[in-house]
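Notes follow the structure.
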Amino acid sequence: DGLRLEELSTSDLAACRTGVMAEGLVNTDTSSPYTVPTECDGKVVPYKIGIAPDNAFTRNYFAETMDMWYPRVDLLDSTTATVTIPSFKDSIQFFDTNDALTEYVKSDTYGDNFANPKIYAAIVFDSAPSGDDIGTFASIEYSLRLNSTQGDDIDSVGRVPTTDGSLSDVDLFQKDIVTDYYSVYTVTGFMTLQTLVTRFVTCMPEWNLANQSTTGVCQRPQTTALASSERDNTLLNVLAEDSLIQEALGALGLSNTVNFSSALNSLPNSTRETLLTPLRQAPQSMLGSTVAPFPVDDYTSSPFYDNVSTVFSIVFIMAYLFTISRILVVLIQEKELRQREFMKILGVTEKTIFLTWYMTYAAILFVGAVIQALAGLAGLFPNSSLIVTFLFFFLFGMSVLALAFLISTLFSKARVGAFVGMVAFFAMYAISQGFSTGTAENTKRVGSILSPVALSLGVNVLANAEKTGEGVQFSTMDTLSDNYRISTAVLMFAFDTVLYTVLGLYFSKVMPKEYGTSLKWYFPVSPSYWRSRKQRQLTNQTPTDALLDNDSVLDLNPDFEPISTDLRDQEQRGEALTVKRLRKVFPVPGGEKIAVKGLDITMYKDQITCLLGHNGAGKTTLISMLTGMTAPSNGNATYRGMSINEDMDEMRQSLGICFQHDVLFPELTVQEHLQFFGQIKGYANEELQAVVDKQIREVGLTEKRNSKPNDLSGGMKRKLSVAVSLLGDSSLVFLDEPTSGMDPYSRRSTWEILLNNRNDRVMVLTTHFMDEADILGDRIAIMAEGEMRCCGSSLFLKNRFGAGYNLTLVKDDARCDDDAVASFVTSYVPAAQLLSNVGSEIAFQLPLHSSSSFAEMFAEMDRQLQSLGLLSYGVSVTTLEEVFIKVAELADENDQHTLGKAARMNSAGSDGFYQSCDEIITTESIFMRHLRALLLKRFRYAKRDKKTIIYVAALPILLIAAGLGILKSSMAINDDPLKPLTTDEYTGSQTPTPYFCQAGAGVGECV
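Numbering (our numbering), first residue to last: 695 to 1701.
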């Protein structure tokens, strides 16, 4: 084997080639006259035949006999060419044990110089006579070890098929003659070595125990063919037809100049006798060296499947890419558009949602599988059972559905999830391309945990069955073909469906989500998870008496308006939504975040309760707890005798909700939306249609009843959302900014709808429009920092937190004296405070108790209007917005959410800002500023983009490590198991053996 032949000069290369290939100089012992030429030193490494173990039997008996049978001999000796075959002794290397042989082949120095030649093949005597038993007809077991890791190239040195069980012994679908395997055994030396050892065993040469030597003479003379001119010529003809000898002559450039058959006939008698010595030993090649397979019965062949074998499975994979993409889109969109959470709030259980998806797509996939099976029967799989192909495609479709469900639990965006899902689906198929026909059955079975792998392997089995006209029937589903079975694929599809579904249900519980709560990753083994709901509440909840005994506290709080007798009666009858000590704590890095701090509030029937508060005040968290989107950490809320902790499913039957953003189904019309949610509420038939018609008329969508959401304006969509929340007997309604994004006309219309539907309902409304809260709110509650700061009617809050009156004066800039105006106002109202002096307006705040001075002040102001340089004036009472700001200021000592007086600035203060900007622009390049800002932004994005860091840095390392791990455990560094060559695996009645007896009396030669 050449290592660095390019370093040899032309003359040295010729000398090296002639010495090794033509003159048989292959001995690695430098003291031998037949050592490798010095010109080849470090440039060529010879191949050897390994012998193990190194003992008297192998060295003195077997090897010596072989050296007598295969001495150094000149195959060609003429003036034109000389070809010498090296002796057996020059071509072998002994090893103490089989393990020593293995370690040598694995060593780093293997094949790097003369002292460490490569091993072409090895003969390992596992059981052989020793001592006095040598030379007797005792049991001998041996192994032939050749290389099975040289790839698929038939010319690879020493390459033979693997014996690790990956190649099936019998393939019932295989009808035609495949010559790959046995021809490899024939031409790579396996059968040559097998014949060599067989001749030695049948001969059993004489053994001199005293001298520990052999003469090479057979103890069984009948195993040696008698010499005859005709028979000898027949035996020598084996050499003339030997393909390896022909290749060697071609490599030496002698194939066109030397007639090898003639050269054999012209050899000296001594040379002919040397060559004939092993050829005369049984088994002899009396009919030449041809190797042929056993005959087969007639069969039908369809080469189509061989022609398309490389793309056959990928066609089916591509056909299902759209299927998994579509399922992923609809499943993730249901989460992305909050449709799933909406349905859960209205009382639909999660298992019902998932079951309906499975039932829907199972029906679709059933029809698809029927069509595929019928099409297969008419075209691709005409010989296979219709039921088998139907089961194959239907169960695969179900596994695709389950796989899509599993992937959907990991994503919240439909586009991302669909893309990743298709890539993952195709990547799973790509794994199947790493399996060869010889990959072990168990390995393929494990790979079938990925259903695209099972599809690819199963389709190939179907093709193998069809190309011989057999097809797959129920009786042959378990037939092994390319180390895989259709029954395995079908069973793995069913197993994968269950596995993916269970994993999907698990991840749907533990994956972080925008809405709802996630369980701990170990929740399946947590005893508390398997307790009943009431048992959990008895364990976790604070005693009810401690929670509810707080009415006296609210009654004493001056910021809460006392309730009337009829409202208190509602509490007693359970008609009000009573919230007591409700608390929610979220775990955050480094501690806890209290979102709602023991909140108490009662919301009454026939009223609209408005929740106001700055962003982060806890409004959304409160509504989430009251609607069951998240569980409270402590506290409770009751309505009609039902608790949010224990009876949420029952409460949801009478609950309606309008999210801040429309949660609608794009493919349903207005009428179908109301029909769907009406059925959830328990309506049916005529009653359902009556309720739907009533709601459509009420919200003014009569002309749009058959329109889909995309055909509606923004205001119409909000009306539809409001109609859904008010559907039927929804007596507990939550409206989260229902008029957000509406035009003024639509807002007014929606206000009318809400006011007309508040009877017999507890309505809870959140808004950032103070005028909306002022008009709609029977009671207005203001939250800050997770606490309820005040609650009462609009008038109560204005009286409680109002600062008085606002006096606004419009100045005539040319004649107005600000100081004179301020002196005039304070002369009548000494406690007046300047609020602002911006542009042509100046505003003062007047306390409530100063109203008695207004008449006199306004009369005098009318008389002095021109002299004061004023054009007009106006006075207004405190607005709800001012009340909200004041409450927020009281609650926020750090001024995080309010705009105080210190923040107000007149227009003159802006001159310095623009001046400084001009200076910056003139002193620094705009391009460089923009470049630096963008680079800083890109850096911050990259630093916080964990996915990119994982994909770019961590994932390649993990894949390389996984690849190295697979490579380390592969057959490339592990020995294949022994494969016994016996007749036990072949039943005589099923293995016809042809034979031929030479004609003529008394000849007695049969083959």
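Glycine included, every Cβ here is placed at the ideal spot set by N, Cα and C. Computed from a predicted model, the values in this text were never measured in an experiment.
Where residue 1504 is concerned, the enclosing beta strand (DSSP E) starts and stops at 1499-1505. Annotation: residue 1287 is outside any alpha helix (DSSP H); the continuous beta strand (DSSP E) that includes it extends over 1285-1297.
In the DSSP assignment, residue 753 falls outside any alpha helix (DSSP H), carrying neither H nor E. Here residue 1303 is not near residue 1272, since their CB atoms are 8 Å or more apart. Under the Cβ criterion (8 Å, minimum of three pairs), the stretch 1383-1392 does not count as touching the stretch 1311-1328.
In this structure residue 767 does not touch residue 928 by the C-beta definition: roughly 20 Å separates them, more than the 8 Å allowed.
When secondary structure is reduced to three states using DSSP, residue 927 falls in the helix class. Cα atoms of residue 1349 and residue 1357: separation of roughly 16 Å, rounded to the nearest angstrom. For residue 710, the enclosing alpha helix (DSSP H) stretches over residues 704-711. Here residue 1200 carries a helix assignment [DSSP, helix/strand/coil]. Cβ atoms of residue 1642 and residue 1636 come within 8 Å of each other, at about 7 Å. For residue 839, the enclosing beta strand (DSSP E) starts and ends at 835-839. In the DSSP assignment, residue 897 falls within the alpha helix (DSSP H) that extends over 884-897.
With respect to the 8 Å criterion, residue 788 and residue 839 are not classified as neighbours on the basis of their beta carbons. When the Cα atoms are used, residue 1368 and residue 1425 turn out to be separated by approximately 17 Å. The alpha-carbon of residue 1385 is positioned some 14 Å away from that of residue 1414. In the three-state scheme derived from DSSP, where H, G and I count as helix and E and B as strand, residue 1077 is classed as coil.
Spatial neighbours of residue 1194 in its own chain (CB-CB distance under 6 Å, excluding positions within 5 residues in sequence) are listed in chain order as 1096, 1097 and 1100.
Between residue 1305 and residue 1440, the alpha-carbon positions lie close to 21 Å from each other. Apart from sequence neighbours up to five positions away, the residues of its chain that approach residue 795 with a beta-carbon distance below 8 Å are 744, 746, 789, 813, 816, 818 and 839, ordered along the chain. With respect to the 8 Å criterion, residue 1503 and residue 1515 are classified as neighbours on the basis of their beta carbons. Annotated three-state conformation of residue 1029 is helix, per DSSP. Straight across, the Cα-Cα distance linking residue 1568 with residue 1442 is about 27 Å. A straight-line Cα-Cα distance of about 24 Å links residue 944 and residue 735.
Between residue 1105 and residue 1111, the beta carbon gap of about 3 Å places them in contact (Cβ cut-off 8 Å). Put simply, the backbone Cα of residue 1334 is about 33 Å away from that of residue 1206. The beta carbons of residue 1456 and residue 1270 sit closer together than 8 Å. Taking the Cα positions, residue 1476 is about 6 Å away from residue 1482. Excluding five sequence positions before and after residue 1512, the CB atoms of its chain that fall closer than 7 Å to its own CB belong to 1531 and 1536, given in chain order. Taking a C-beta distance under 8 Å as the contact criterion, residue 876 and residue 987 qualify as a contact pair.
With a threshold of 16 other beta carbon atoms within 10 Å, residue 721 meets it and is buried. Considered as a whole, the stretch 1535-1594 harbours 1535-1540 and 1564-1571 as its complete beta strand (DSSP E) runs of no fewer than 3 residues, in chain order. Per DSSP, the continuous alpha helix (DSSP H) segment holding residue 1620 begins and ends at 1620-1638.
With 16 or more neighbouring CB atoms inside 10 Å of its own CB, residue 1460 falls in the buried class.
The stretch 1054-1066 makes no contact with the stretch 1124-1135; the number of CB pairs closer than 8 Å stays below 3. The beta carbon of residue 973 sits closer than 6 Å to those of 929, all from its chain and outside the five residues before and after it, given in chain order.
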